[in-house]
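Residue numbers (our numbering): 74 to 153.
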């Protein structure tokens, strides 16, 4: 199985149909835009993990403050 439950042949047929519908100039522009989006999506998991780590650090600080302990010092940027 490939993308969205489609196999290689199905994806190839969709690509050929897109080439006929869009034409060469629009297909090149579409492919370029698709590449940009794919590049931006690569950063999503990193940003998500960073947000989780920041949330955990904040949660630990709140719990420590409630317990009367000094806040733990964590450098979230160094964890990457």
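Idealized CB from N, CA, C, for every residue including glycine.
Note that the structure is a prediction, hence the values are computed from the model and not measured.
- DSSP places residue 114 within a helical segment (H, G or I) once states are collapsed to three.
- A straight-line Cα-Cα distance of about 50 Å links residue 87 and residue 133.
- Taking the Cα positions, residue 141 is about 10 Å away from residue 135.
- Listed in chain order, the non-local C-beta contacts of residue 95 below 7 Å within the same chain comprise 103, local neighbours out to five positions each way being set aside.
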